[in-house]
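Following our numbering, the numbering of the sequence shown begins with 625 at its first residue and continues without gaps.
All residues carry an ideal CB built from backbone N, CA and C; glycine is no exception.
Model, not experiment: these values are computed from the prediction.
Step one of this worksheet: look at the structure below.
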Amino acid sequence: MDMNSSLSKKGSGKKKKTRSLKFRFTLFFILFIIAVYSIVIATSLQQLVGITETIGYKLGAPITEEVTALIDGDSFEALAKSLDPRDPFYEKTRLDMLAVKEQSNCIYLYTMAPASAPAGKVFRYIIDGSAPPDDEEAFSPLGMEEDISAYLKPVLRTLEEKTPQISSLDFNTEWGWVVSLYAPILNSSGDAVGVVGCDFKAGEIYERLWSQIIRQLILSAVFIVIGFIAYLYLVNGVNKQNQRLRELRDAAEAASAELKEERDTIAAMKDALKVGLFFMDKNFIIQDNYSKFLETVLGIRDLRGKKFTDLIAHSVGRTEITSLVEYFVLLFNRSMVFSSKFNEKTLENLNPIQEMVYTSPETKEIKNLSCNFVPVDRGKGKLFVLGNIQDITNEKKMQRRLEELDSGSGKNVPIN
């Protein structure tokens, strides 16, 4: 598989991953909006019920307070036990309650007591002030029992806590939306012996509040849709920008791969040369990217991080080392090296070790070496010296033999 094919497959995989992230992020955004909208709807409905019940409480509280003030608790307790319609208390209280009801806007006004002790779900109507006795649909006669499971909890709380309680908002097939307020009837001992019930139509209030909430929800939906459209627009813009960045990144990766290939080729060529090449910093430290043949030339393994002057110190004298250090300082002096006074030939002539006899500290092998140094400016304030060391031992031997032949003293000496 070639490099271009590998980069293509890699780029394709990144694009698929980007699309997957985009899809998941968009899905998360949609689900988040749905969740927020659901919470808004649920909260609005809860507020609607709460507001309706609050209004029902404010409307019913004055009525139930007036009725409980009319009722003698002990007489009511006796009537709940006897269920005698001839009891004067019954008729007088019924008429008083009917008068209160006709002056209010409630639909039913009545009293109830548990049919058994302890109180269960069956209650009896005791005094009904909703309508005259001849109104069979609206009037509940004394002792009439009814299963109040639908609104049992607020009635029982009224008896247990001896405080007014509001029912939940309920839908009645005949009256529509209804809310009820219950107040306790207390005897002289302070015991709750019954409840006063007051029912109100809540349909108009409910519809008015609901229509207002619907408008709020529609307005919220409009803003959410606008926000979603803006989100898609921004995402599209970001995607285009990301696409451009991906193209630039892919081009950079391709260029980087080509550059690496070129560097590897150059490194292979450098290592194939029978020349010891290395970079040296201003502290005379050999850098990592030296040619491997340098180890063969110097007879020393792993040269990175070692000081060049230390490696040759045992092969030259103290004076030569001092001259060499001064020479290197000159090469690192940017203003002097790049001035017109110092050309390449001048620098070569100043080199105190153009040719030297070198003894390897590890192999003890003696060699003749040719050493050349050139300053290299690599930008960003980084100045190095490029060293070029060649083993000229064989050349020196050949030169000496040729000189011997020329002098006549070595005409029988073989060249090889």
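Local conformation of Pro709 per DSSP, three classes: For the purposes of this step, residue 709 is identified with residue 85 of the sequence shown, where counting begins at 1. Correct three-state label for Pro709: coil.
Alpha-carbon to alpha-carbon, Asp720 and Ser699: For the purposes of this step, residue 699 is identified with residue 75 of the sequence shown, where counting begins at 1. For the purposes of this step, residue 720 is identified with residue 96 of the sequence shown, where counting begins at 1. Rounded to the nearest angstrom, the two C-alpha atoms are 15 Å apart.
Sub-7 Å separation of Met736 and Val819 beta-carbons: Residue numbering aside, residue 736 sits at position 112 when the sequence shown is read from its first letter. Residue numbering aside, residue 819 sits at position 195 when the sequence shown is read from its first letter. Taking 7 Å as the cut-off, the Cβ atoms of Met736 and Val819 count as close.
Three-pair Cβ contact test at 8 Å for the stretch 710-719 versus the stretch 837-852: The stretch 710-719 is not in contact with the stretch 837-852.
Residues that Thr735 bridges to, as DSSP identifies them: For this step, residue 735 is matched to residue 111 along the sequence shown. According to DSSP, which records beta bridges pairwise, Thr735 is partnered with Val820.
Residue nearest to Phe824 in terms of C-alpha spacing, selected from Val802, Gln789, Val817: Here residue 824 refers to the residue found at position 200 of the sequence shown. Scanning Val802, Gln789, Val817 for the CA closest to the CA of Phe824 turns up Val802.
Chain B within 7 Å of Ala739, Cβ atoms only: No chain B appears in the structure shown, which is made up of a single protein chain.
Any beta strand (DSSP E) of 3 or more consecutive residues that is wholly inside the stretch 944-989: Taking only runs of at least 3 residues, the beta strand (DSSP E) segments lying wholly in the stretch 944-989 are 979-983.
Cβ contact check for the stretch 941-948 and the stretch 967-986: 3 or more pairs under 8 Å: Yes, they touch.
Test item: CB-CB of Ala755 and Phe763 under 7 Å: If you number the sequence shown from 1, residue 755 lands on position 131. If you number the sequence shown from 1, residue 763 lands on position 139. The criterion of a C-beta distance shorter than 7 Å is satisfied by Ala755 and Phe763.
Proximity below 7 Å, CB of Asn811 to CB of Glu701: Locating residue 811 in the sequence shown gives position 187, counting from the first residue. Locating residue 701 in the sequence shown gives position 77, counting from the first residue. It is a contact, given that the beta carbons lie within the stated cut-off.
Gly800, DSSP secondary structure in three states: As a working note, residue 800 is residue 176 in the sequence shown. Strand.
Cys995 - partner residues in DSSP beta bridges: On the sequence shown, position 371 is the one that residue 995 refers to. Listed as beta-bridge partners of Cys995 by DSSP are Ile1013.
Spatial neighbours of Gly684 in its chain, beta-carbon cut-off 6 Å, leaving aside the 5 residues before and after: Within the sequence shown, the letter at position 60 stands for residue 684. These residues qualify, in order along the chain: Leu805, Cys822.
Length of the line joining the Cα atoms of Ala881 and Asp1030: Counting from 1 along the sequence shown, the entry for residue 881 is found at position 257. Counting from 1 along the sequence shown, the entry for residue 1030 is found at position 406. If I take the Cα positions, the gap works out to 57 Å.
Top-ranked residue by Cα proximity to Asp771, from Val746, Phe932, Gly753: Walking along the sequence shown from the start, residue 771 turns up at place 147. The shortest Cα separation from Asp771 among Val746, Phe932, Gly753 belongs to Val746.
Exposed unless 16 or more other CB atoms sit within 10 angstroms - verdict on Met625: Counting from one through the sequence shown, the residue named residue 625 turns up at place 1. Because Met625 carries a pLDDT of 48, less than 50, the predicted location of this residue cannot be relied on, and no value is offered for it.
Contact set for Asn913: own chain, Cβ-Cβ below 6 Å, skip 5 residues either direction: What you label residue 913 is simply residue 289 of the sequence shown in a count that begins at 1. Once the five neighbours on either side are set aside, Asn913 has no close Cβ partner at all.
Status (buried if at least 16 other CB within 10 Å, exposed otherwise) for Tyr714: For the purposes of this step, residue 714 is taken as residue 90 along the sequence shown, with counting starting at 1. Tyr714 comes out buried.
Close Cβ partners of Lys1020 (< 8 Å) along its chain, the five nearest in sequence each way excluded: Translated into positions along the sequence shown, residue 1020 becomes position 396. Closer than 8 Å at the Cβ level, and outside the excluded window around Lys1020, lie Asn992.
Residue burial classification, Arg942 (beta-carbon count within 10 angstroms, cutoff 16): Taking the first residue of the sequence shown as position 1, residue 942 is located at position 318. Answer is exposed; the Cβ neighbour count stays below 16.
Beta-carbon gap between Ser984 and Gly923 smaller than 7 Å: As a first step, residue 984 is located in the sequence shown; it is residue number 360 there, counting from the start. As a first step, residue 923 is located in the sequence shown; it is residue number 299 there, counting from the start. Cβ distance < 7 Å, so Ser984 and Gly923 count as in contact.
8 Å contact criterion, which Leu793 and Ala826 should meet: CB distance rounded: For the purposes of this step, residue 793 is taken as the residue at position 169 of the sequence shown. For the purposes of this step, residue 826 is taken as the residue at position 202 of the sequence shown. Your pair Leu793 and Ala826 checks out as a contact, with CB atoms roughly 6 Å apart and the cut at 8 Å.
Burial state of Tyr857 (16 or more Cβ within 10 Å): Within the sequence shown, numbered from 1, the residue matching residue 857 stands at position 233. Label assigned to Tyr857: exposed.
Helix, strand or coil at Met721 [DSSP, three-state]: Sequence index remark: in the sequence shown, residue 721 carries index 97 (1-based). In the structure shown, Met721 sits in a helix (DSSP, three-state: H, G or I).
Option nearest Lys931 by Cα separation, candidates Asn907, Arg925, Ser915, Leu954: Against the sequence shown, residue 931 aligns to sequence position 307. Lys931 has its Cα closest to that of Asn907, out of Asn907, Arg925, Ser915, Leu954.
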